[in-house]
Amino acid sequence: MSTLTIRDAIHDALHEEMERDESVFVIGEDVVAHGGPYTVTEGIAERFPDRIFETPIAEAGIVGVGVGAALAGMRPVVEIMYLDFITCAMDEVVNQAAKMRYMTGGQASVPIVIRLPCGLGRYIAAQHSQIMESWFMHVPGLQVVAPSTPKDAKGLFKTAVRSPDPVLFFEYKSIYTAEGEVPDGERLIPFGEAEVKREGEDATVVAVGPMVGKALEAGVTLEDDGYDIEVVDPRTLSPLDTETICASVRKTGRAVVCEEDSSFAGTGAEIAATIAENCFADLRAPVTRVGMPHVPMPFAPPLADSVVPQVASVVGAVRRVMA
Amino acid sequence: MSTLTIRDAIHDALHEEMERDESVFVIGEDVVAHGGPYTVTEGIAERFPDRIFETPIAEAGIVGVGVGAALAGMRPVVEIMYLDFITCAMDEVVNQAAKMRYMTGGQASVPIVIRLPCGLGRYIAAQHSQIMESWFMHVPGLQVVAPSTPKDAKGLFKTAVRSPDPVLFFEYKSIYTAEGEVPDGERLIPFGEAEVKREGEDATVVAVGPMVGKALEAGVTLEDDGYDIEVVDPRTLSPLDTETICASVRKTGRAVVCEEDSSFAGTGAEIAATIAENCFADLRAPVTRVGMPHVPMPFAPPLADSVVPQVASVVGAVRRVMA
Amino acid sequence: MSLDAELARRMYLDMWRIRMFEEEANRQTGLGNVAGALHLYCGEEAVGVGVCAHLRDDDYVLGTHRSHGHCLAKGAPMNDMMAELFGKETGSCAGKGGSMHVADLSKNILGANGIVAGGIGPATGTGMATKIRGTDQVSVCFFGDGAAARGPFHEGILMGSLWKLPVVYVCENNGYQQWVRRENVAVVDSVATMAASYDIPGVSVDGQDVVEVHEAAGEAIDRARRGEGPTLLEARTYRYFGHSMGDREEYRTREEVEDWRDNRDPIALFRAYMAERQWLTGREDEEIRTAAKEAVTAAVEFADASAYPPLAAAHADVLDTEWRADA
Amino acid sequence: MSLDAELARRMYLDMWRIRMFEEEANRQTGLGNVAGALHLYCGEEAVGVGVCAHLRDDDYVLGTHRSHGHCLAKGAPMNDMMAELFGKETGSCAGKGGSMHVADLSKNILGANGIVAGGIGPATGTGMATKIRGTDQVSVCFFGDGAAARGPFHEGILMGSLWKLPVVYVCENNGYQQWVRRENVAVVDSVATMAASYDIPGVSVDGQDVVEVHEAAGEAIDRARRGEGPTLLEARTYRYFGHSMGDREEYRTREEVEDWRDNRDPIALFRAYMAERQWLTGREDEEIRTAAKEAVTAAVEFADASAYPPLAAAHADVLDTEWRADA
Ligand SMILES: Cc1ncc(C[n+]2csc(CCOP(=O)(O)OP(=O)(O)O)c2C)c(N)n1
Ligand SMILES: Cc1ncc(C[n+]2csc(CCOP(=O)(O)OP(=O)(O)O)c2C)c(N)n1
Ligand SMILES: [Mg+2]
Ligand SMILES: [Mg+2]
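Just so you know, the protein sequences line up as chains A, B, C and D, in that order. All residue numbers for the first sequence refer to the working numbering, where the first residue is 1 and numbers rise by one. All residue numbers for the second sequence refer to the working numbering, where the first residue is 1001 and numbers rise by one. All residue numbers for the third sequence refer to the working numbering, where the first residue is 2001 and numbers rise by one. All residue numbers for the fourth sequence refer to the working numbering, where the first residue is 3001 and numbers rise by one.
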């Protein structure tokens, strides 16, 4: 066991995978100069100078190159500096990476990992704070990974690098420096396996990414209300472990689905719809969603803080479903 | 009243709006040469030669230009030849068009209409058959319009052109030639107003775009089962008229949500989650979704036909919720 | 690889194979056996054949919506391709791709592409892969003149140049972009002009002259193989059929098409060239055409006799479901 | 608009206003009053000022992440801008945009842009709007050298040329792209080279010399106003501060920065130029600096005294909710 931040966990996993497999390489903006804005690729240039490529500002080109390299058997780890800029490479992600295996009748494999620092970090407003996991969930052929702890980040990252299919790896800026225990040695976490982060009897809180920590905090507060919540972290959004989620909801009879992104047609919509459809007989309250309202991220810090869901939002929602 | 196809209804609405307002102009690939692949802009070049621009193949440029022209007070009607290619212009849609009003604190208005022929038409496989309404629903600042009849197409298109904010106008290829009555004269259909396309008592079928016609057909079949379904057509997906939808579900106690796109994290997820959350007390069966499975569109016609939801899919789902 | 009689005959055969494959595919579309879009390469055969004649099996080719010729020239089995157009389970892509997505990864044919300029970034990426691995494989990316306006053309070629990747970017400038004449929507006549922005050689050749294409492609491919970086090679060419099925072709005259067919046909020109050098007797010519024709007939029979994929196939190949994280 | 003493003094004042505004913004960031990213323009003032000196109120300007200078030079009120950086409700964007999205539509300043090259397409579009309406307004788009690698640069400028739109594309080539030296990721030294791909003039000037910028911009803007189409104008320049806050600046030496500051400072160079022509007395110089300083002080006071927007503001301005379809 060692204590790491999420940033360090991804950093270490990347180093280990590059050590293990020569076909892994890094490509992105400022990945050499600075290890990217969050220094995740720091040290790679020194250790693997021939397998890291600093690029022009050209996201479509970067992802396109990654897709081609992957088709040719390499394992590119692509850094998109901020999730927001993946909009510049959507064709490459959606029409090229995601569909190649299918369109070629199973001949092609595109083992690309696209790293996406996302969400609110410092206050950098509407074009630098988005999340958008649900876009990629909706695209068949993509895998969407949303780690909330250093342990999960490390194990899921290693799985991502080894996966024969494209992975969108969400790195929530707000929890890059969150610390946690990470087991030593090689631990791969399979995709499609949710983790119950806290056991409880009264209500299930399905929380994504940075909302996991907030849900756990809410759990402590809610003890004072006499409510014992269960916190389920899907860890991968596509594939989505509906079984674990639904098993929990069947047990508790209540569900609150939390994401940091805006709720409308967001990640939580899929999770809530699935719960509603599969746990109907056991639900004792409406499935409730917590997320950002349907607004872009405002700049002014007080406004930004007011729209991002906080611990209190989770507490409030649980109280509502318990009422 | 006259009988028109959806294609003709949009064509006529565009002509009328260009006649009415000099700031409306058309831009896109092959819009002069052929009126676009579906001849929707046919005749514009003859009548308004100075207000139609045939472009190079450059979707990011096309939408970018549209955004700028809109910021400067024009009303561009942008044709993206197939929805699939909007991936090439996502930044322009999501980070520019959608957020300008907000980021400028309300100063800017971006009255752009982006026309998106979409879905399965002829059998042209994975890169030419997508729908993806839910992507745009998830982006605050965008309006998503999904007409299912000539009347709605005409009325909604006129509203779209006049709206001070960006509109993604979905044109489902499979129903371009569907005919229907269109009232004469000027009828604007407001955004955010669903229409009950068939009244019924036993179950609510919320159907989007081409699924509306299939739901109505299903309604006839289901009469033989003794089931009287209500078909609600949201018409605009963002804003979404949750009131009309929920009022219907509260009445019937049962809901089937149908879209032609794949269900996972799709349009129906939002609608189903909303119903589950707001109609809990009245629901007598789980909210059920009908949509494409989570696969890209295959080429082989029998495969394509097998994955696109059909009338029978709606019938089956209604029978399940009635059981 | 310099041109001699034997290579010339092989190339001549390839041109006929493409021509006849496509004319037949067109007929089969009329019969309702081929669904979807069908973008025919007829008239442009010299480009694919002249370029691919230099390629090894392990070199990569990436294509466009108009890629039957590229695939055949790179050695994709004709039976599988025809079956793919028919949407049959024996097709190169098991019927899931169709004409716009034909691919044969066993031959490093990474596929046609339904997105204009969609192959340029990926071709740059295969070049990067081979460079990292230190092989001397070359990647060739075909694209139309329309693709030159798109961002990924700009971004992809720039990166190819930046890292001196072994990629040849081949622009098939046929003067049209769907139903629009190139000159109505382009600002420079020759796409090769744009090479200056990327500090790489830009070469423009007569795409109806397979000998000229072959020579220029040879230089570009050798350069790439030597590790000296990419070339932007433009071939001026012409397509005989409409853009895809059901094209009214109002944007050009019948005479223009006839003129190209009669006076600039790449197959006729090459035959004349070979005849002049006595590289092709009448008998050989006959044999070659017969061979091409028989191959096409066999391909149609194969496609016809094959079954559609089982419906379950629609649900497979989204992800590799066999793979396990702990493997 | 040719340069005379009066215009020169106005430009000189503008340069000082930008310099002092930014130095103050930087200080305020240190004090915690300005949140978010802050990309400072110091060192590059000659570009924005030299270009905008030609612009009318009704001309359009679109910017980048580094646009304080563009906005001030085009006439955005300094108080509103400082308040915007503070995130206050009196800010140009009511506190919702911040440094990366400053805009003032009343002055046709369409806004800074957080997306590299994000303004190029829209600037082409404002050019299209004015061309359709038949006015003689000009649109100016500023962008960095990094933007020249992006697809929207290629697509946007190509369309500007195709339709001969009244747009001037101004590339501020400061030799860096965030933390990377341009030469590490670029394939041509001068961005102006790329103009050939678009068949428009490509001009490269010394961006530290406001006189040279002013002259070249004048030609480009006049050309645009006359309806003769776009120009790609590159200004070679340098930024004094790090890319944004907290930049370790490992990619360049202190000496390099000092050298530019000491020997290539656009304000110092311009002062010398004016002094030589006796366009600026010591007193005038003093007065101008004082005016700039006072404006900045007032702006900070204004921003400081202003309130944060009410929380309800976060929910407004997503769409125009007043508008009705039947209106
Ligand atoms: C990004 C994108 N935009 C538009 C299309 C529709 N489209 C398919 S082929 C084509 C014309 C392509 O012209 P060109 O590149 O010159 O190739 P050609 O057909 O002439 O071989 C267009 C516009 C597309 N497939 N992809
Ligand atoms: C599409 C996109 N990619 C990446 C970024 C992150 N980013 C912001 S500024 C910048 C460097 C820009 O360099 P340049 O265009 O030369 O402008 P400069 O900062 O030198 O003025 C980068 C990479 C972005 N904002 N947008
Ligand atoms: Mg062409
Ligand atoms: Mg720069």
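Even for Gly, the Cβ is constructed at its ideal location relative to N, Cα and C.
Contact set between H2101 (chain C) and chain A, taken where Cβ atoms lie within less than 8 Å: M103, T104
Let me make sure I understand the geometry here. Which of A:A276, A:D305, A:S163 has the alpha-carbon closest to that of T242 (chain A)? A:A276
In the structure shown, what three-state DSSP assignment does M2245 (chain C) receive? coil
Complete beta strand (DSSP E) runs within the region 1264-1310 of chain B (minimum length 3 residues, chain order): Entirely contained in the region 1264-1310 of chain B, the beta strand (DSSP E) runs reaching 3 residues are, in chain order, 1288-1292.
Beta-carbon separation of V110 (chain A) and M100 (chain A) under 8 Å? Cβ atoms of V110 (chain A) and M100 (chain A): closer than 8 Å.
How close, in whole Å, do the beta carbons of A1089 (chain B) and E1133 (chain B) come, if the pair is a contact with beta carbons under 8 Å? Contact between A1089 (chain B) and E1133 (chain B) does not hold, since the beta-carbon distance rounds to 16 Å and is not under 8 Å.
With distances taken between CB atoms, is the gap from I1189 (chain B) to A3325 (chain D) smaller than 8 Å? yes
Which runs of the alpha helix (DSSP H) spanning at least 4 residues fall entirely within the region 107-156 of chain A, listed in chain order? 133-137
List the residues of chain B whose Cβ lies closer than 7 Å to the Cβ of G141 (chain A), in chain order. P1296
At a cut-off of 7 Å, would you count E2172 (chain C) as near ligand 1, judging by its Cβ distance to the nearest heavy atom? A distance criterion of 7 Å places the beta-carbon of E2172 (chain C) in contact range of ligand 1, judged by its closest non-hydrogen atom.
Determine, using beta carbons only, whether D1214 (chain B) and V1314 (chain B) come nearer to each other than 8 Å. The identity of residue 1214 (chain B) in the sequence shown is Lys, whereas the question assumes Asp. Yes. Within cutoff.
Distance check for V1094 (chain B) and P1298 (chain B), CA to CA, integer angstroms please. 28 Å
Separation of P2230 (chain C) from A2220 (chain C), as counted between CA atoms: 7 Å
For R2010 (chain C), which of helix, strand or coil comes out of DSSP? helix
State the CB to CB distance for the pair R1289 (chain B) and V1257 (chain B), rounded to an integer number of angstroms; the pair is presumed to be in contact (CB under 8 Å). About 5 Å separates the two Cβ atoms, so the contact holds.
Relative to chain B, which residues along the region 253-267 of chain A have a C-beta separation below 9 Å, given in chain order? V257, D261, S262, S263, F264, A265, G266, T267
Contact criterion: CB-CB distance below 8 Å. Does S134 (chain A) meet it with respect to chain B? yes
V2116 (chain C) Cβ short of 7 Å to ligand 1 heavy atom set: yes
Would the C-beta of Y2169 (chain C) count as close to ligand 3, meaning under 7 Å from any of its heavy atoms? no
What's the gap between the Cα of P309 (chain A) and the Cα of G291 (chain A)? 6 Å
Hey, is S1002 (chain B)'s beta-carbon within less than 8 Å of any beta-carbon in chain D? The C-beta of S1002 (chain B) comes no closer than 8 Å to any C-beta of chain D.
Along chain A, in chain order, which residues have C-beta atoms closer than 7 Å to that of W3179 (chain D)? D30, A33, H34
Buried versus exposed, by CB contacts within 10 Å (16 or more), S2106 (chain C): exposed
Can the beta-carbon of F53 (chain A) be found less than 8 Å from the beta-carbon of W2163 (chain C)? yes
Measuring only the C-alpha atoms, how far is G3121 (chain D) from E92 (chain A)? Whole-angstrom Cα-Cα distance: 20 Å.
Less than 7 Å separating the Cβ of M3159 (chain D) from some heavy atom of ligand 1? no
Please list the residues of the region 2198-2211 of chain C that have a C-beta atom closer than 9 Å to any C-beta atom in chain D, keeping them in chain order. Y2198, D2199, I2200
Below 6 Å CB to CB, which residues in the same chain sit around W3279 (chain D) once its five sequence neighbours on both sides are set aside? For W3279 (chain D), where only same-chain residues beyond five positions count, the Cβ hits under 6 Å are A3005, A3008.
Contact under 8 Å by Cβ, M1081 (chain B) with T1267 (chain B): no
With respect to 7 Å, is the separation between the Cβ of Y2012 (chain C) and the closest non-hydrogen atom of ligand 3 below this value? No, Cβ of Y2012 (chain C) sits at least 7 Å from all heavy atoms of ligand 3.
What distance in whole Å lies between the Cβ atoms of H3154 (chain D) and G2151 (chain C), which are believed to be in contact at a cut-off of 8 Å? 6 Å
Comparing alpha-carbon positions, which option in B:I1057, B:L1120, B:V1031, B:S1148 lies nearest G2118 (chain C)? B:I1057
Should M2078 (chain C) go down as buried or exposed, given a rule of 16 or more other Cβ atoms within 10 Å for buried? buried
For M2011 (chain C) and G2087 (chain C), I'd like the C-alpha separation in whole angstroms. 28 Å
If contact is defined by three or more beta carbon pairs under 8 Å, each pair taking one atom from either stretch, is the region 1161-1168 of chain B in contact with the region 1117-1129 of chain B? no
With distances taken from CA atoms, which of C:G2175, C:M2159, C:R2019 is nearest Y2169 (chain C)? C:M2159
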